[in-house]
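Heads up, the first sequence is in our numbering, so the first residue is 1 and it goes up one at a time.
See structure below.
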Amino acid sequence: MRQSRLLIPTLRDDPGEAEIVSHRLMLRAGLIRKVAAGIYTYLPLGLRIIRKVEQIVREELNKSGAQEVLMPIVSPAELWQETGRWDFYGKELFRLKDRHERDFCLGPTHEEVITDLVRREVRSYRQLPANFYQIQTKFRDEIRPRFGLMRGREFIMKDAYSFDVDEAGATESYRKMYDAYVSIFTRCGLNFRPVEADTGLIGGTSSHEFMVLADIGEEGIAVCDACNYAANVERAELNAGPPPAASESARVKQLVSTPGHKTVEDVTAFLNLPAAKLVKTLIYLADGKAVAVLLRGDHAVNEIKLKKVLGATELVMADPATVEKLTGAPVGFAGPIGLSDTRIVADFEVKNLVNAVVGGNAADRHWVDASPGRDFNPDQYADLRNALTGDQCPRCSQPLRVVRGIEVGHVFKLGTKYSEKMKATYLDQQGQEKTIFMGCYGIGIGRTAAASIEQNHDAKGIIWPVSIAPFHVHMLALADKSGKVQATVTELEEQLEQAGVEVLVDDRDERPGVKFNDADLIGIPYHIVIGEKGLAQGQVELKERRTGTVTKLAPSEVVPRLKKLLIQ
RNA sequence: CGGGGCGUAGCGCAGACCGGUAGCGCACUCGCUUGGGGUGCGAGUGGUCGUGGGUUCAAAUCCCGCCGCCCCGACCA
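Structure follows, in structure tokens:
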């Protein structure tokens with residue numbers, strides 16, 4: 001392929017809109033261009049990369065027995081109303097009406113559509129198990145699209161859905177997909193880690209996220225170096241911590257004036273204490289009933305855990321009026337002392353505090369030197385927060401480390417959540433009607449490419465792994481007075497293409513420096529430099545992008561050498 | 001949605017405080033030059049200054065509204 005015939009608009013300057021490496025380099029290397037916030041056009045080079053990732057996904061999924069289908073992007077509201085997600089999905093769902101004012105949406109995911117298909121077409125246990133996947137553009141009206149392809153409103157996703165006769169079958173399907181994902185991300189050359197995850201909006205019973213380790217990752221992962229436990233910080237289970245090292249003796253509690261100091265920062269700054277010495281009291285409405293939730297000032301509540309502990313189906317923070325009615329104080333001064341009629345749950349770490357600050361349940365008042373067990377007694381201690389570095393591993397009690405990751409894949413065991421609501425059933429061997437067990441599985445195609453750049457780049461640009469590189473080889477034709485360069489380039493291009501090596505020839509009338517810099521920026525793994533100087537000695541140069549290693553060799557050696565390198 | 005920042009040529013920016021009819025670098029076109037790490041010189045092309053209104057003899061510049069984009073945060077009492 002000739003570079004002069006492809007639109008590869010490289011940029012010398014960093015575009016102002018891009019903050020992170022992969023976004024910047026995708027724009028600079030001419031892979032993508034933005035159309036609107038979170039919506040991009042894939043240029044020829046970018047599209048080739050996307051197709052490479054898709055191909056790997058296809059091959060591995062086909063190998064695992066999944067079958068490819070293609071569902072519509074637009075789906076009718078009725079299907080979403082059946083599962084309740086028409087309302088539950090909220091503003092993230094792109095909605096539209098047709099000319100008859102009927103409601104539709106642009107698919108953010110396809111559980112409803114595929115389950116509808118399966119309930120119509122699958123009757124018998126003989127047709128199961130089945131696993132359907134598609135690679136398709138998805139739409140989610142994200143609250144804040146960012147980082148180029150990392151979090152777009154329109155993006156390409158591989159989504160798959162498994163259907164089994166029972167729980168055991170579903171577990172087997174899940175395991176197969178998990179294994180396929182490991183193969184896929186390994187082939188993409190990523191440093192990744194499967195971690196235990198929460199099930200979020202999709203719902204279901206168990207789930208793993210495939211995280212590419214990178215500092216710019218939007219997700220926190222708690223990892224244990226001692227026993228290999230890894231989980232999303234939202235998911236990681238935390239046990240009651242070690243009993244407190246008896247550092248200080250409990251003093252008598254006092255009510256002090258904290259005029260106007262409502263937030264954790266304000267109060268601790270005013271009292272000159274660390275946030276870890278404060279207990280914050282959050283008032284929630286769990287299915288309409290007020291609950292006080294106690295956490296250390298420096299900890300963040302995890303509402304998913306809280307919901308489980310409370311056994312609540314609906315959980316919202318109480319409005320200021322309710323808080324005032326309950327505590328007798330404006331928002332900012334709630335505390336557990338004297339809240340006798342209200343259920344109080346506290347995070348495990350609260351139990352370990354001595355001489356803590358708590359709200360006074362009166363305007364501009366806080367208690368200092370309050371101690372749990374003596375001054376207030378929660379109804380229950382539980383795990384209510386996200387994991388932090390230093391917390392104990394739930395498996396082996398060694399300290400956890402929190403690292404950042406990019407979620408490129410997610411596998412869920414759904415159970416019968418959708419099949420029950422949508423009545424997707426089959427007849428078993430006894431002729432009994434049974435509900436189908438489901439699983440669902442996603443991979444962000446563009447995000448996988450972006451994650452690869454985050455892990456594979458240097459100051460000059462991208463360094464693609466061979467498996468997803470837009471081309472295998474970038475052949476740079478330098479100045480050519482004699483015509484020899486052109487002749488060699490044409491000959492080599494032909495030989496390489498015949499050998500199945502994908503080659504991009506930089507045949508532009510540009511200075512050598514421009515070509516070298518653009519080639520480094522684009523990041524094709526091998527460069528062949530052909531110039532008159534080298535040819536005078538019967539040689540061309542082969543450069544490995546990652547290491548910069550240059551090998552001089554005769555033109556006739558190029559094809560065999562590359563074939564060998566590319567097979568590795 | 002809350003906070004902050006920004007919209008001036010394809011890209012990166014100056015001009016704005018102090019109103020006088022738009023500029024720099026890169027890119028692009030043409031000519032010469034150069035030809036192994038973003039050559040050099042010259043001549044050009046390209047902008048309703050995001051948008052609507054207002055103030056003024058005069059608005060990129062001052063005032064108000066709207067739109068878009070980027071960053072941070074988002075029930076944390």
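A virtual CB, placed ideally from N, CA and C, is assigned to each residue, including glycine.
Small disclaimer: the values here were computed from a predicted structure and weren't measured.
Using a Cβ-Cβ cutoff of less than 8 angstroms, which residues in the same chain neighbour Glu92 once the five nearest sequence positions on both sides are dropped?
Pro108, Arg140, Asp141, Glu142, Ile143
Margin query: So for Arg140, helix, strand or coil by DSSP?
Written below: coil
Entirely enclosed alpha helix (DSSP H) segments - the stretch 211-291, minimum 4 residues: 264-271
Evaluate Thr490 with the Cβ neighbour count: other Cβ atoms within 10 Å of its Cβ, from every protein chain shown; 16 or more gives buried, anything less gives exposed. exposed
For the pair the stretch 270-288 and the stretch 208-220, tell me if three or more CB-CB distances fall below 8 angstroms.
no
* Asked: When DSSP labels each residue in this structure, what does Trp488 get in the three-state scheme?
  -> Just to set this straight, residue 488 is Thr in the shown sequence, not Trp. Here Thr488 sits in helix by DSSP.
Pick from Ala487, Ala477, Lys484, His366: whose alpha carbon is nearest that of Val514? Ala477
Quiz item: In chain order, which continuous runs of the alpha helix (DSSP H) of length 4 or greater are located wholly inside the stretch 46-129?
Solution: 77-83, 85-88, 111-121
Just tell me which of Glu54, Gly483, Tyr418 has its CA closest to the CA of Asp581. No answer is possible for residue 581: the residues shown for the chain start at 1 and end at 568.
- Message: Given this structure, state the Cα-to-Cα distance separating Ile344 from Asp364, to the nearest angstrom.
- Response: 22 angstroms
- Message: Across the stretch 329-348 and the stretch 258-273, are there enough close Cβ pairs to call them in contact, namely three or more that are closer than 8 angstroms?
- Response: yes
Is the stretch 49-63 in contact with the stretch 441-448, if contact means three or more CB pairs nearer than 8 angstroms?
yes
Just mark Ala300 as buried or exposed, buried being the case when its beta carbon has 16 or more other beta carbons within 10 Å.
exposed
Tell me the rounded alpha-carbon separation between Ala275 and Glu154.
40 angstroms
Exercise. Per DSSP, what kind of secondary structure is Ser162 in: helix, strand or coil?
Worked result: strand
Cβ shell of Glu573 (< 8 angstroms), same chain only, five flanking positions each side left out:
A query on residue 573 cannot be resolved here, the shown segment of the chain reaching from 1 to 568 and no further.
Q.
Rounded to whole angstroms, what is the Cα-Cα separation between His110 and His527?
A. 42 angstroms
Can you tell me where the beta strand (DSSP E) with Met177 in it begins and where it stops? Element bounds for Met177: not the beta strand (DSSP E) but the alpha helix (DSSP H), 167-187.
Beta-carbon separation (whole angstroms), Gly46 vs Phe185, contact threshold 8 angstroms: Between Phe185 and Gly46 the Cβ distance is about 20 angstroms, and since that is not below 8 angstroms, they are no contact.
Should the stretch 398-408 be regarded as contacting the stretch 221-229, the criterion being three or more beta carbon pairs within less than 8 angstroms?
yes
- Item | Minimum C-alpha distance to Asp298 - residue among Gly152, Glu219, Asn386, Val122 | Asn386
Once the 5 residues before and after Gly461 are set aside, which same chain residues still bring their CB inside 8 angstroms of it?
Leu25, Arg28, Ala29, Asp520, Leu521, Ile522, Gly523
So, Leu190 versus Ala370, is the Cβ gap smaller than 8 angstroms?
no
- Thinking just about the alpha-carbon of each residue, which of Pro145, Cys396, Val233, Leu492 is nearest to the one in Ala36? Pro145
**Prompt:** Can the beta-carbon of Tyr125 be found closer than 8 angstroms to that of Asp428?
**Reply:** yes
Alpha carbons only, please: which of Ser22, Lys434, Thr10, Arg99 is nearest the one belonging to Glu167?
Lys434
Check: Is Gln539 helix, strand or coil by DSSP?
Finding: coil
With a 10 Å radius around its C-beta and 16 neighbouring C-beta atoms as the bar for buried, classify Asn232 as buried or exposed. buried
Residues of its chain near Glu234, where Cβ-Cβ distance is below 7 angstroms and the 5 sequence neighbours each way are ignored | Asp198, Asn302, Ile304, Asn386
### Task
Return the CA-CA distance between Ala469 and Leu535, expressed in angstroms with no decimal places.
28 angstroms
> Per DSSP, what kind of secondary structure is His474 in: helix, strand or coil?
Replying inline: strand
Margin query: Tell me which residues share the same chain as Gln398 and place their Cβ nearer than 8 angstroms to its Cβ, disregarding the 5 neighbours each side in the sequence.
Written below: Cys224, Asp225, Ala226, Cys227, Gln392
So for Ser482, helix, strand or coil by DSSP?
coil
Three-way DSSP call (helix, strand, coil) for Met1 in this model: coil
**Request:** For the beta strand (DSSP E) holding Glu196, just list the boundary residues, first then last.
**Result:** 192-196
- Message: Suppose you measure from the CA of Glu54 to the CA of Pro465; what does that come to, to the nearest Å?
- Response: 15 angstroms
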